[in-house]
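A short write-up of the structure that comes next.
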Amino acid sequence: MSIEISLAGKVAIVTGGRRQLGAAQARRLAECGADICIADIANDTFMTETCEAIAALGRRVVTVVCDVSKRDQVDSMVNRCVAELGRIDILVNNAGISSRETLMQVTDEEWEAVFNINLKGLVMCSQYAARQMITQGDGGAIINLSSSTGLNANVSRGPYAVSKAGVIMATNLLARELGEHNITVNALAPGFTSTAKIGGRGGQMFYRRQDETEKVMAKLAIQRQGEPVDYANAVVYLASELGSYVTGVTIPVDGGFTIR
207 MSIEISLAGK
217 VAIVTGGRRQ
227 LGAAQARRLA
237 ECGADICIAD
247 IANDTFMTET
257 CEAIAALGRR
267 VVTVVCDVSK
277 RDQVDSMVNR
287 CVAELGRIDI
297 LVNNAGISSR
307 ETLMQVTDEE
317 WEAVFNINLK
327 GLVMCSQYAA
337 RQMITQGDGG
347 AIINLSSSTG
357 LNANVSRGPY
367 AVSKAGVIMA
377 TNLLARELGE
387 HNITVNALAP
397 GFTSTAKIGG
407 RGGQMFYRRQ
417 DETEKVMAKL
427 AIQRQGEPVD
437 YANAVVYLAS
447 ELGSYVTGVT
457 IPVDGGFTIR
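Using the numbering used here, you'd call the opening residue of the sequence shown number 207 and step up by one each time.
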(Lines of atoms letter the chains of each structure in order from A and count residues from 1; the text may use other names and numbers.)
(Lines give C-alpha, C1' and ligand atoms only; values in the text may rest on other atoms or scores of the structure.)
Protein backbone atom coordinates (compact mmCIF):
# COMPACT_ATOMS: atom_id res chain seq x y z
CA MET A 1 0.00 0.00 0.00
CA SER A 2 1.47 3.32 -1.04
CA ILE A 3 0.80 6.56 0.80
CA GLU A 4 0.42 9.62 -1.37
CA ILE A 5 1.22 12.91 0.30
CA SER A 6 -0.56 15.88 -1.22
CA LEU A 7 0.10 19.48 -0.27
CA ALA A 8 -1.96 20.80 -3.16
CA GLY A 9 -3.40 24.22 -2.40
CA LYS A 10 -0.87 24.80 0.39
CA VAL A 11 1.69 27.62 0.55
CA ALA A 12 5.02 27.14 2.32
CA ILE A 13 7.67 29.64 3.38
CA VAL A 14 11.19 28.20 3.62
CA THR A 15 13.72 30.51 5.22
CA GLY A 16 17.32 29.98 4.17
CA GLY A 17 15.80 28.15 1.22
CA ARG A 18 18.08 28.96 -1.66
CA ARG A 19 20.77 26.31 -1.17
CA GLN A 20 21.70 22.99 0.47
CA LEU A 21 19.17 21.80 3.08
CA GLY A 22 16.72 24.64 2.51
CA ALA A 23 16.67 24.15 -1.24
CA ALA A 24 15.98 20.43 -0.81
CA GLN A 25 13.11 21.22 1.56
CA ALA A 26 11.61 23.76 -0.85
CA ARG A 27 11.83 21.36 -3.80
CA ARG A 28 10.38 18.44 -1.86
CA LEU A 29 7.42 20.50 -0.65
CA ALA A 30 6.85 21.64 -4.24
CA GLU A 31 6.99 18.04 -5.47
CA CYS A 32 4.08 17.32 -3.12
CA GLY A 33 2.07 20.19 -4.57
CA ALA A 34 2.82 23.24 -2.42
CA ASP A 35 3.56 26.69 -3.77
CA ILE A 36 6.75 28.08 -2.29
CA CYS A 37 8.09 31.35 -0.89
CA ILE A 38 11.85 31.20 -0.54
CA ALA A 39 13.33 33.73 1.86
CA ASP A 40 17.08 34.11 2.09
CA ILE A 41 19.79 36.64 2.75
CA ALA A 42 20.77 36.92 -0.92
CA ASN A 43 19.30 36.53 -4.38
CA ASP A 44 22.04 34.83 -6.38
CA THR A 45 22.64 31.91 -8.74
CA PHE A 46 21.69 29.43 -5.99
CA MET A 47 18.33 31.16 -5.63
CA THR A 48 17.83 31.16 -9.41
CA GLU A 49 18.59 27.44 -9.71
CA THR A 50 16.25 26.50 -6.87
CA CYS A 51 13.43 28.64 -8.25
CA GLU A 52 13.85 27.17 -11.72
CA ALA A 53 13.63 23.64 -10.28
CA ILE A 54 10.40 24.51 -8.45
CA ALA A 55 8.87 26.27 -11.45
CA ALA A 56 9.67 23.21 -13.57
CA LEU A 57 7.36 21.22 -11.26
CA GLY A 58 4.51 23.56 -12.20
CA ARG A 59 4.42 25.27 -8.83
CA ARG A 60 4.34 28.98 -8.13
CA VAL A 61 7.46 30.35 -6.46
CA VAL A 62 8.21 33.73 -4.88
CA THR A 63 11.61 34.90 -3.67
CA VAL A 64 12.21 37.40 -0.89
CA VAL A 65 15.54 38.77 0.27
CA CYS A 66 15.21 38.70 4.04
CA ASP A 67 17.47 38.87 7.07
CA VAL A 68 15.35 36.95 9.58
CA SER A 69 16.94 38.82 12.50
CA LYS A 70 15.32 42.07 11.29
CA ARG A 71 11.68 42.45 12.32
CA ASP A 72 10.75 44.79 9.49
CA GLN A 73 12.16 42.36 6.92
CA VAL A 74 10.29 39.41 8.45
CA ASP A 75 7.06 41.43 8.37
CA SER A 76 7.71 42.31 4.74
CA MET A 77 8.46 38.66 3.87
CA VAL A 78 5.14 37.45 5.26
CA ASN A 79 3.20 40.27 3.63
CA ARG A 80 4.86 39.55 0.28
CA CYS A 81 4.06 35.85 0.50
CA VAL A 82 0.39 36.52 1.26
CA ALA A 83 0.12 39.21 -1.42
CA GLU A 84 1.55 36.97 -4.16
CA LEU A 85 0.54 33.46 -3.09
CA GLY A 86 -2.62 34.21 -1.12
CA ARG A 87 -1.94 32.52 2.22
CA ILE A 88 0.56 30.71 4.47
CA ASP A 89 0.04 27.12 5.57
CA ILE A 90 3.58 25.94 6.30
CA LEU A 91 6.63 27.69 7.73
CA VAL A 92 10.01 25.98 7.68
CA ASN A 93 12.45 27.88 9.89
CA ASN A 94 15.61 26.65 8.21
CA ALA A 95 17.73 29.83 8.21
CA GLY A 96 20.75 29.52 10.46
CA ILE A 97 24.44 30.25 10.86
CA SER A 98 27.17 28.18 12.45
CA SER A 99 30.01 28.91 14.84
CA ARG A 100 33.38 27.44 15.65
CA GLU A 101 33.83 29.02 19.07
CA THR A 102 33.77 27.50 22.53
CA LEU A 103 31.70 29.18 25.24
CA MET A 104 34.91 30.15 27.01
CA GLN A 105 36.19 31.93 23.90
CA VAL A 106 33.03 33.34 22.33
CA THR A 107 32.85 37.10 21.84
CA ASP A 108 29.79 39.28 22.26
CA GLU A 109 29.67 39.77 18.49
CA GLU A 110 29.76 36.02 17.78
CA TRP A 111 27.14 35.25 20.40
CA GLU A 112 24.76 37.91 19.15
CA ALA A 113 25.19 36.95 15.48
CA VAL A 114 24.37 33.30 16.13
CA PHE A 115 21.43 33.94 18.44
CA ASN A 116 19.93 36.72 16.34
CA ILE A 117 19.56 34.37 13.37
CA ASN A 118 19.16 30.93 14.91
CA LEU A 119 16.75 31.76 17.75
CA LYS A 120 15.46 35.33 17.66
CA GLY A 121 14.85 35.12 13.91
CA LEU A 122 13.08 31.78 14.24
CA VAL A 123 10.71 33.17 16.88
CA MET A 124 9.96 36.31 14.86
CA CYS A 125 9.22 34.34 11.70
CA SER A 126 6.93 32.09 13.73
CA GLN A 127 5.12 35.08 15.22
CA TYR A 128 4.26 36.66 11.88
CA ALA A 129 3.47 33.44 10.03
CA ALA A 130 1.34 32.10 12.89
CA ARG A 131 -0.70 35.30 13.05
CA GLN A 132 -1.51 34.86 9.37
CA MET A 133 -2.44 31.20 9.94
CA ILE A 134 -4.71 32.22 12.83
CA THR A 135 -6.40 34.82 10.62
CA GLN A 136 -7.00 32.16 7.96
CA GLY A 137 -8.64 29.98 10.58
CA ASP A 138 -7.74 26.51 9.33
CA GLY A 139 -4.51 25.66 11.12
CA GLY A 140 -1.02 25.21 9.80
CA ALA A 141 2.39 23.69 10.46
CA ILE A 142 5.65 25.22 11.67
CA ILE A 143 8.80 23.13 11.35
CA ASN A 144 11.97 24.35 13.04
CA LEU A 145 15.50 23.21 12.28
CA SER A 146 17.41 22.37 15.43
CA SER A 147 20.47 20.09 15.28
CA SER A 148 21.92 16.95 16.81
CA THR A 149 24.36 19.46 18.31
CA GLY A 150 21.42 20.87 20.24
CA LEU A 151 20.94 17.46 21.85
CA ASN A 152 24.60 16.55 22.48
CA ALA A 153 27.22 18.94 23.83
CA ASN A 154 29.80 19.84 21.19
CA VAL A 155 32.42 22.01 22.84
CA SER A 156 33.87 23.32 19.57
CA ARG A 157 30.50 24.77 18.50
CA GLY A 158 29.42 26.34 21.78
CA PRO A 159 27.05 29.20 20.87
CA TYR A 160 25.63 27.24 17.95
CA ALA A 161 24.84 24.28 20.21
CA VAL A 162 23.19 26.50 22.81
CA SER A 163 21.12 28.26 20.15
CA LYS A 164 19.93 24.93 18.73
CA ALA A 165 19.01 23.69 22.19
CA GLY A 166 17.03 26.91 22.51
CA VAL A 167 15.20 26.05 19.29
CA ILE A 168 13.92 22.88 20.97
CA MET A 169 12.46 24.82 23.91
CA ALA A 170 11.02 27.48 21.59
CA THR A 171 9.36 24.64 19.66
CA ASN A 172 7.79 23.26 22.83
CA LEU A 173 6.51 26.65 23.94
CA LEU A 174 5.10 27.60 20.54
CA ALA A 175 3.38 24.22 20.31
CA ARG A 176 1.63 24.94 23.61
CA GLU A 177 0.68 28.47 22.57
CA LEU A 178 -0.58 27.64 19.09
CA GLY A 179 -2.25 24.27 19.60
CA GLU A 180 -5.65 25.83 20.22
CA HIS A 181 -5.47 27.23 16.68
CA ASN A 182 -4.71 23.80 15.19
CA ILE A 183 -1.17 24.89 14.35
CA THR A 184 1.43 22.18 14.92
CA VAL A 185 4.99 23.16 15.85
CA ASN A 186 7.79 20.62 15.67
CA ALA A 187 11.54 20.50 15.19
CA LEU A 188 14.01 18.35 13.34
CA ALA A 189 17.49 17.68 14.65
CA PRO A 190 19.60 16.92 11.55
CA GLY A 191 22.78 15.00 12.05
CA PHE A 192 25.93 14.39 10.04
CA THR A 193 25.31 15.67 6.52
CA SER A 194 27.05 14.86 3.26
CA THR A 195 27.96 18.47 2.50
CA ALA A 196 31.35 19.50 3.86
CA LYS A 197 30.11 23.09 4.10
CA ILE A 198 28.48 23.33 7.50
CA GLY A 199 27.59 26.99 7.72
CA GLY A 200 29.04 30.47 7.75
CA ARG A 201 28.25 34.07 7.07
CA GLY A 202 29.62 37.20 5.46
CA GLY A 203 31.31 35.19 2.74
CA GLN A 204 33.06 32.88 5.23
CA MET A 205 32.20 29.18 5.19
CA PHE A 206 33.08 26.57 7.78
CA TYR A 207 34.38 23.34 6.29
CA ARG A 208 34.46 19.96 7.97
CA ARG A 209 37.86 18.41 8.50
CA GLN A 210 38.55 14.82 7.44
CA ASP A 211 39.21 13.73 11.02
CA GLU A 212 35.76 15.01 11.97
CA THR A 213 34.16 12.83 9.32
CA GLU A 214 35.94 9.71 10.55
CA LYS A 215 35.10 10.47 14.20
CA VAL A 216 31.39 10.97 13.61
CA MET A 217 30.96 8.09 11.15
CA ALA A 218 32.20 5.72 13.85
CA LYS A 219 29.24 6.75 16.04
CA LEU A 220 26.46 6.26 13.47
CA ALA A 221 24.10 3.29 13.62
CA ILE A 222 23.29 3.72 9.92
CA GLN A 223 26.64 3.87 8.22
CA ARG A 224 26.15 6.71 5.79
CA GLN A 225 26.02 10.47 5.92
CA GLY A 226 22.65 12.18 5.77
CA GLU A 227 21.51 13.72 2.51
CA PRO A 228 19.47 16.95 2.32
CA VAL A 229 16.50 14.96 1.01
CA ASP A 230 16.48 12.88 4.23
CA TYR A 231 15.61 16.01 6.19
CA ALA A 232 13.29 17.29 3.47
CA ASN A 233 11.24 14.08 3.67
CA ALA A 234 10.79 14.60 7.41
CA VAL A 235 9.70 18.19 6.76
CA VAL A 236 7.04 16.94 4.34
CA TYR A 237 5.74 14.45 6.91
CA LEU A 238 5.35 17.16 9.56
CA ALA A 239 3.80 19.58 7.07
CA SER A 240 1.21 17.07 5.81
CA GLU A 241 -1.87 15.38 7.21
CA LEU A 242 0.32 12.43 8.19
CA GLY A 243 1.81 14.60 10.95
CA SER A 244 -1.34 16.49 11.90
CA TYR A 245 -1.49 14.99 15.42
CA VAL A 246 2.20 15.46 16.14
CA THR A 247 3.24 18.64 17.93
CA GLY A 248 5.87 19.81 20.37
CA VAL A 249 8.41 17.15 19.49
CA THR A 250 11.96 17.18 18.18
CA ILE A 251 12.75 14.37 15.77
CA PRO A 252 16.42 13.41 15.40
CA VAL A 253 17.14 12.64 11.74
CA ASP A 254 20.72 11.58 12.28
CA GLY A 255 21.32 7.91 11.43
CA GLY A 256 21.35 7.04 15.13
CA PHE A 257 24.01 9.54 16.22
CA THR A 258 22.01 10.60 19.28
CA ILE A 259 21.04 7.09 20.42
CA ARG A 260 21.60 6.86 24.15
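Note that CB positions come from ideal geometry on N, CA and C, so glycine has one too.
Checklist entry - Do residue 354 and residue 397 have their CB atoms nearer than 7 Å? => result yes
Item to check | Proximity to residue 192 [Cα-Cα], best of 255, 285, 349, 364 | outcome: Here the chain covers residues 207 to 466 and nothing more, so residue 192 does not appear.
Checklist entry - Going along the chain, which residues of its own chain have a beta-carbon closer than 7 Å to the beta-carbon of residue 451, five neighbours each way excluded? => result none
Checklist entry - So, using beta-carbon positions, are residue 297 and residue 261 closer together than 7 Å? => result No, they are not a contact pair.
Checklist entry - Sorted by chain position, which residues of the same chain lie with C-beta nearer than 8 Å to residue 428's C-beta, five sequence neighbours on each side aside? => result 461, 462
Item to check | Straight-line gap, residue 245 to residue 273 (C-alpha atoms, nearest Å) | outcome: 8 Å
Checklist entry - For residue 401, which residues from the same chain have a beta carbon less than 7 Å from its beta carbon, with the 5 sequence-adjacent residues on both sides left out? => result 226
Item to check | Span of the alpha helix (DSSP H) around residue 219 | outcome: Note, residue 219: premise wrong, no alpha helix (DSSP H); beta strand (DSSP E) at 217-221.
Checklist entry - When you compare only the Cα positions, how much space is there between residue 253 and residue 290? => result 18 Å
Item to check | Beta-carbon proximity check, residue 242 vs residue 259, cutoff 7 Å | outcome: Judged by their CB atoms, residue 242 and residue 259 are not nearer to each other than the 7 Å cut-off.
Checklist entry - For the segment 269-338, which segments carrying the alpha helix (DSSP H) assignment without a break, of at least 4 residues, lie completely within its bounds, in sequence order? => result 277-291, 314-321
Checklist entry - On the premise that residue 240 lies in contact with residue 213, defined as a C-beta separation below 8 Å, what is that separation, rounded to the nearest angstrom? => result 4 Å
Item to check | With 16 other Cβ atoms within 10 Å as the buried cut-off, status of residue 347 | outcome: When all chains shown are included, residue 347 counts as buried.
Checklist entry - What are the complete alpha helix (DSSP H) segments, minimum 4 residues, inside the segment 331-393? => result 364-384
Item to check | Nearest-angstrom Cα separation, counted from residue 420 out to residue 344 | outcome: 47 Å
Item to check | 8 Å contact criterion, which residue 327 and residue 369 should meet: CB distance rounded | outcome: Not really, about 10 Å apart at Cβ, beyond 8 Å.
Checklist entry - Using 8 Å as the Cβ pair cut-off and three pairs as the minimum, do the segment 360-374 and the segment 300-308 touch? => result yes
Next on the checklist: Buried or exposed for residue 465, going by 16 or more other Cβ atoms inside 10 Å?
Outcome noted: exposed
Next on the checklist: Considering only DSSP beta bridges, list what residue 243 is partnered with.
Outcome noted: DSSP lists 219, 268 as partners of residue 243.
Item to check | Residue-level contact to chain B via CB, residue 230, 7 Å cutoff | outcome: As a matter of chain content, chain B is missing from the structure shown, which is built from one protein chain.
Item to check | Sequence-distant residues of its chain with Cβ nearer than 7 Å to residue 331 (five each side left out) | outcome: Result list for residue 331: 221, 274, 280, 297, 299, in chain order.
Checklist entry - Are residue 356 and residue 399 close, meaning C-beta to C-beta below 7 Å? => result No, the Cβ-Cβ distance between residue 356 and residue 399 is not below 7 Å.
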